[in-house]
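J.:
2 protein chains.
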Amino acid sequence: MVNAGMTFPVSLTIQKSICNMATAFRNFKMVGYVIYGRGCFHQLDEILAPNRKGDAPLIFLLDHFFQNQPLSNRIPLRGKDELIFADVTYEPKTSQVDALAQTLKEKYGTISGVIGIGGGSTLDLAKAVSLMMTNPGSAADYQGWDLVKVPGVYKVGIPTLSGTGAEVSRTTVLTGPTRKLGMNSDFTPFDQIVLDPELTHNAPANQRFYTGMDCYIHCIESLEGTYLNEFSKSYGEKALELCRKVFVDSNEWTPACDDQLMMASYAGGMSIAYSQVGVAHAVSYGLSYLLGTKHGIGNCIVMNHLEAYYPAGVKEFKYMVEKNGIEIPSGICSGLSEEDFNKMMDVSLGMKPLWENALGKNWEQIMTREKLRDLYEKL
Amino acid sequence: MVNAGMTFPVSLTIQKSICNMATAFRNFKMVGYVIYGRGCFHQLDEILAPNRKGDAPLIFLLDHFFQNQPLSNRIPLRGKDELIFADVTYEPKTSQVDALAQTLKEKYGTISGVIGIGGGSTLDLAKAVSLMMTNPGSAADYQGWDLVKVPGVYKVGIPTLSGTGAEVSRTTVLTGPTRKLGMNSDFTPFDQIVLDPELTHNAPANQRFYTGMDCYIHCIESLEGTYLNEFSKSYGEKALELCRKVFVDSNEWTPACDDQLMMASYAGGMSIAYSQVGVAHAVSYGLSYLLGTKHGIGNCIVMNHLEAYYPAGVKEFKYMVEKNGIEIPSGICSGLSEEDFNKMMDVSLGMKPLWENALGKNWEQIMTREKLRDLYEKL
Numbered sequence: 001m002v003n004a005g006m007t008f009p010v011s012l013t014i015q016k017s018i019c020n021m022a023t024a025f026r027n028f029k030m031v032g033y034v035i036y037g038r039g040c041f042h043q044l045d046e047i048l049a050p051n052r053k054g055d056a057p058l059i060f061l062l063d064h065f066f067q068n069q070p071l072s073n074r075i076p077l078r079g080k081d082e083l084i085f086a087d088v089t090y091e092p093k094t095s096q097v098d099a100l101a102q103t104l105k106e107k108y109g110t111i112s113g114v115i116g117i118g119g120g121s122t123l124d125l126a127k128a129v130s131l132m133m134t135n136p137g138s139a140a141d142y143q144g145w146d147l148v149k150v151p152g153v154y155k156v157g158i159p160t161l162s163g164t165g166a167e168v169s170r171t172t173v174l175t176g177p178t179r180k181l182g183m184n185s186d187f188t189p190f191d192q193i194v195l196d197p198e199l200t201h202n203a204p205a206n207q208r209f210y211t212g213m214d215c216y217i218h219c220i221e222s223l224e225g226t227y228l229n230e231f232s233k234s235y236g237e238k239a240l241e242l243c244r245k246v247f248v249d250s251n252e253w254t255p256a257c258d259d260q261l262m263m264a265s266y267a268g269g270m271s272i273a274y275s276q277v278g279v280a281h282a283v284s285y286g287l288s289y290l291l292g293t294k295h296g297i298g299n300c301i302v303m304n305h306l307e308a309y310y311p312a313g314v315k316e317f318k319y320m321v322e323k324n325g326i327e328i329p330s331g332i333c334s335g336l337s338e339e340d341f342n343k344m345m346d347v348s349l350g351m352k353p354l355w356e357n358a359l360g361k362n363w364e365q366i367m368t369r370e371k372l373r374d375l376y377e378k379l
Numbered sequence: 380m381v382n383a384g385m386t387f388p389v390s391l392t393i394q395k396s397i398c399n400m401a402t403a404f405r406n407f408k409m410v411g412y413v414i415y416g417r418g419c420f421h422q423l424d425e426i427l428a429p430n431r432k433g434d435a436p437l438i439f440l441l442d443h444f445f446q447n448q449p450l451s452n453r454i455p456l457r458g459k460d461e462l463i464f465a466d467v468t469y470e471p472k473t474s475q476v477d478a479l480a481q482t483l484k485e486k487y488g489t490i491s492g493v494i495g496i497g498g499g500s501t502l503d504l505a506k507a508v509s510l511m512m513t514n515p516g517s518a519a520d521y522q523g524w525d526l527v528k529v530p531g532v533y534k535v536g537i538p539t540l541s542g543t544g545a546e547v548s549r550t551t552v553l554t555g556p557t558r559k560l561g562m563n564s565d566f567t568p569f570d571q572i573v574l575d576p577e578l579t580h581n582a583p584a585n586q587r588f589y590t591g592m593d594c595y596i597h598c599i600e601s602l603e604g605t606y607l608n609e610f611s612k613s614y615g616e617k618a619l620e621l622c623r624k625v626f627v628d629s630n631e632w633t634p635a636c637d638d639q640l641m642m643a644s645y646a647g648g649m650s651i652a653y654s655q656v657g658v659a660h661a662v663s664y665g666l667s668y669l670l671g672t673k674h675g676i677g678n679c680i681v682m683n684h685l686e687a688y689y690p691a692g693v694k695e696f697k698y699m700v701e702k703n704g705i706e707i708p709s710g711i712c713s714g715l716s717e718e719d720f721n722k723m724m725d726v727s728l729g730m731k732p733l734w735e736n737a738l739g740k741n742w743e744q745i746m747t748r749e750k751l752r753d754l755y756e757k758l
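Set out below in structure tokens:
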């Protein structure tokens with residue numbers, strides 16, 4: 001089983017999924033408060049009020065996508081509050097977290113809380129900064145499982161893209177000096193999430209699709225996997241059904257699509273508790289490690305070639321790609337060296353629980369290096 | 380809108396459902412931790428350990444149904460811990476809560492926590508005792524909305540019957556000196572719930588059905604009602620689907636039925652956040668007030684005669700009653716006086732949000748006293 005001491009990078013979903021299911025069930029830490037509703041963002045000021053500590057400011061981390069967008073004028077700033085645009089061109093780094101926390105500590109001493117508003121990267125950044133306002137050292141010291149020992153400051157997550165499940169997860173995926181690994185702990189989940197489907201309405205269609213597919217692909221992998229119980233199955237089935245309503249049944253992007261995809265993301269995130277991902281994620285981690293391919297698009301690139309493993313899911317995936325007019329990049333492994341391929345395969349084959357979930361205990365007989373190499377060459 | 384100051388009794392679901400949906404969405408307080416899995420009850424000792432405060436005991440309230448049952452020997456008692464069998468012949472009373480809290484305070488000063496193990500009444504009793512270990516006065520002082528000002532002691536809910544949703548609700552329904560009304564507050568939800576479907580396997584078939592129908596009927600009422608959003612719809616649809624798997628599709632009671640009904644209850648409870656019940660509950664409150672009819676069976680007695688309001692739901696309900704060989708009591712209103720009928724009708728018609736949810740803004744034109752009287756006479 002993958003653990004915090006491994007030297008391979010491990011990414012979002014696997015970190016959320018680690019639990020010793022053979023002997024014990026995970027005791028799942030829930031977010032503190034959930035508010036869901038069209039337009040509920042306008043209640044944010046009121047929700048935050050009782051969580052202000054004296055004149056210590058609230059820090060709003062807003063996805064830089066919203067610079068000069070109307071949302072940036074709707075942030076309920078009061079007193080010394082600060083609005084910071086978060087550059088999430090790349091997935092968040094421990095150095096970025098450390099620098100941000102250090103600046104805030106120097107400037108304010110203490111803060112009332114951190115509010116992350118954006119996609120999965122922004123939400124993860126907000127969680128990590130919250131924890132590093134109170135935990136000593138570097139975020140890199142806490143990459144792993146249950147290393148965080150002290151609660152962070154009050155933290156709020158407000159997704160503007162649906163699909164990652166980061167709003168309900170107990171991790172925050174960070175690229176550190178030696179590995180890509182989350183701060184997985186019971187102190188990591190948000191104290192409050194604000195689920196307002198109006199906020200996702202203007203997302204770019206490609207990005208929205210890739211992020212939505214993070215949820216869809218997870219559901220296919222976990223529902224067809226060997227690890228599952230009724231809790232995760234119920235949530236996974238609901239998430240899958242909602243993804244289908246949005247990307248298969250609907251002929252245009254309507255407010256109902258935003259409503260449904262936001263619930264799909266939430267349900268997909270909850271389903272992580274007792275399930276595991278599979279082939280698409282295991283292969284996509286190799287891409288992410290070597291090429292820096294972002295999580296959502298990487299999964300799509302791989303899923304596009306997994307007919308042999310998820311025949312019905314891949315057929316439906318391709319239908320959704322076509323119906324929604326999405327482009328899935330191809331040829332991304334052309335020109336890679338022998339060494340590059342080996343590195344990707346090492347990373348991928350290191351994801352043992354994912355392969356075992358997908359292919360059973362004998363997965364090593366099924367997924368040989370030759371087969372995996374063929375797969376990478378197709379991408 | 381019903382409020383804490385009304386003199387009519389209001390019962391479980393309405394208290395869970397009050398929110399000013401026209402202008403704002405409820406900010407829903409979640410339980411702290413959830414563990415779900417067959418046999419996870421054996422992790423209880425380990426889960427409780429970090430929540431023990433010095434040698435202050437944990438108090439286990441076990442439904443008296445389990446006296447001399449194997450479960451009573453599986454309670455992980457340590458040190459001064461105490462196992463108390465909770466008499467839930469009647470739904471819990473404020474006087475019962477006060478007496479229990481007083482005894483515990485006199486005996487131990489302080490306690491580490493309360494663990495409720497049983498059906499909805501036992502879970503509600505545990506929540507209320509937890510709150511009354513720290514809040515002064517009587518539980519009756521806190522019947523209403525957001526009157527509780529101080530967190531209770533650590534509290535854990537472990538259902539042994541599925542359907543009430545009490546495991547995730549922010550209320551605890553109590554019969555007080557002047558009214559039946561819950562302690563609705565953000566301090567009311569459990570810190571931890573332990574969802575082990577093995578614990579429901581030996582429940583008596585009738586009781587299991589009535590309690591399961593609490594969930595089914597709620598789903599029909601809320602999904603066909605006028606108050607709803609995608610959060611509550613997603614949870615409600617899932618709960619309904621799971622109820623159907625158990626009571627419609629399955630030809631015998633299997634472990635999968637326990638798994639599914641436990642998730643139905645959880646999902647049904649979560650769906651309360653942004654939905655409302657309807658005719659069955661509104662009419663059944665009258666029975667409960669006058670005759671002390673318990674919640675689950677009362678809803679079944681009423682649902683049996685609601686073809687005019689929920690034709691498809693009632694048809695399916697009757698099919699489930701027959702398929703599962705359940706007896707629904709009848710003739711319970713025969714011999715009641717004019718005054719009795721008037722009292723029941725006053726109570727029922729006081730449930731304005733339920734009627735409005737079911738029949739729309741003009742509900743008073745639709746549900747006349749004559750019509751309601753006819754309905755009560757049929758029960």
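Sequences listed follow chains A and B, in order. One point on numbering: in the working numbering, the residue at position 133 of the first sequence is 133, and numbering is uninterrupted. One point on numbering: in the working numbering, the residue at position 196 of the second sequence is 575, and numbering is uninterrupted. Ideal Cβ positions, reconstructed from N, Cα and C, are used throughout, including at glycine. Predicted model, so just to flag it, every value in this text is computed and none were measured.
May I have the straight-line CA-CA distance separating A/I272 from A/A239, to the nearest angstrom?
T.: 11 angstroms
J.: In or out: A/N73 buried (at least 16 other Cβ within 10 Å) or exposed?
T.: exposed
J.: Is the separation between the beta-carbon of B/L621 and that of B/Q639 shorter than 7 angstroms?
T.: yes
J.: Just confirm the distance between the C-beta atoms of A/Q43 and B/F404, as a whole number of angstroms; I'd bet it's less than 8 angstroms.
T.: 7 angstroms
J.: May I ask you to report which of helix, strand or coil DSSP gives B/I711?
T.: coil
J.: Determine the chain B residues that contact A/A24 at a beta-carbon separation under 7 angstroms, and present them in chain order.
T.: Ordered by position in chain B, the residues that pass the 7 angstroms Cβ test against A/A24 are Q422.
J.: Taking all protein chains shown into account, do 16 or more other C-beta atoms lie within 10 angstroms of the C-beta of A/P57, making it buried, or fewer, making it exposed?
T.: buried
J.: Buried or exposed: where does B/G739 fall if 16 or more other Cβ atoms within 10 Å of its Cβ makes it buried?
T.: exposed
J.: Report the CB separation of A/G278 from A/L375 in whole angstroms; it is logged as a contact under 8 angstroms.
T.: Between A/G278 and A/L375 a beta carbon distance of about 13 angstroms is seen, past the 8 angstroms cut, so the two are scored as non-contacting.
J.: Smallest Cα separation from B/E833: which of B/D725, B/E603, B/N703, B/S709?
T.: There is simply no residue 833 of chain B to check, as chain B begins at 380 and stops at 758 in what is shown.
J.: Against chain B, does A/F383 count as a neighbour if the rule is that its beta carbon must be under 7 angstroms from one of theirs?
T.: Missing from the structure shown is residue 383 of chain A; chain A here goes from 1 to 379 and no further.
J.: Does DSSP put A/A86 in a helix, a strand or coil?
T.: strand
J.: What did DSSP end up calling A/T200 once you bin it into helix, strand or coil?
T.: Helix at A/T200.
J.: Checking contacts by CB at 7 angstroms: is A/N20 closer than that to chain B?
T.: The predicted model places A/N20 with a pLDDT of 38, which falls under 50 and marks its position as unreliable; any figure quoted below should be read in that light. Output row for A/N20: interface = no.
J.: Return no unless some Cβ of chain A is closer than 7 angstroms to the Cβ of B/D637.
T.: Any Cβ of chain A closer than 7 angstroms to the Cβ of B/D637 would place that residue at the interface, and such an atom is absent.
J.: Using a beta-carbon distance below 7 angstroms, is A/M30 in contact with chain B?
T.: yes
J.: For my contact list, B/I496 and B/I438 are in at a C-beta cut-off of 8 angstroms; report their separation, rounded to the angstrom.
T.: At roughly 11 angstroms, the Cβ-Cβ gap does not stay under 8 angstroms, so B/I496 and B/I438 are not in contact.
J.: Using alpha carbons as the reference points, say which of B/H660, B/E695, B/G692, B/L670 lies closest to B/N678.
T.: B/H660
J.: Could you tell me which chain B residues have their CB closer than 7 angstroms to the CB of A/E230, listed as they occur along the chain?
T.: D638, Q639, M642
J.: What did DSSP end up calling A/Q192 once you bin it into helix, strand or coil?
T.: strand
J.: Say whether chain A places a C-beta atom closer than 7 angstroms to the C-beta of B/G416.
T.: yes
J.: Kindly provide the ranges of any beta strand (DSSP E) runs that are 3 or more residues long and lie completely inside the segment 134 to 186 of chain A, ordered along the chain.
T.: 154 to 159, 173 to 175, 180 to 184
J.: Could you check if B/Y469 is buried or exposed, using at least 16 other CB atoms within 10 Å of its CB as the buried criterion?
T.: exposed
J.: Does the CB of B/V662 have a neighbour CB from chain A at under 7 angstroms?
T.: no
J.: Closest to B/Y412 by CA distance: which of B/V532, B/K486, B/M592, B/I572 is it?
T.: B/I572
J.: Please classify A/V31: does DSSP put it in a helix, a strand, or coil?
T.: coil
J.: Flag A/C40 as yes if its beta-carbon sits less than 7 angstroms from any beta-carbon of chain B, otherwise no.
T.: yes
J.: Using three-state DSSP, classify B/V493 as helix, strand or coil.
T.: strand
J.: Ignore the nearest five residues each way along the sequence and tell me which others in B/G704's own chain have a CB closer than 8 angstroms to its CB.
T.: Non-local beta-carbon contacts of B/G704 in its own chain, meaning distances under 8 angstroms to residues more than five positions away in sequence, involve A584 in chain order.
J.: Take the Cβ of B/K408 as the centre, count every other Cβ of all protein chains shown within 10 Å, and call the residue buried at 16 or more, exposed below.
T.: buried
J.: Between the alpha carbons of B/E600 and B/P471, how many angstroms are there, rounded?
T.: 25 angstroms
J.: Strictly under 7 angstroms for the Cβ-Cβ distance: is B/I707 near chain A by that measure?
T.: no
J.: By a C-beta neighbour count over all protein chains shown, 10 Å radius and 16 as the cutoff for buried, is B/R457 buried or exposed?
T.: Exposed, because fewer than 16 other Cβ atoms sit within 10 Å of the Cβ of B/R457.
J.: Using the DSSP secondary-structure output, state which residues sit across from B/Y415 in a beta bridge.
T.: B/L574
J.: Should A/N251 be labelled buried (16 or more other beta-carbon atoms within 10 Å of its own) or exposed?
T.: exposed
J.: So with CB distances below 8 angstroms, who are the chain A contacts of B/L621?
T.: S234
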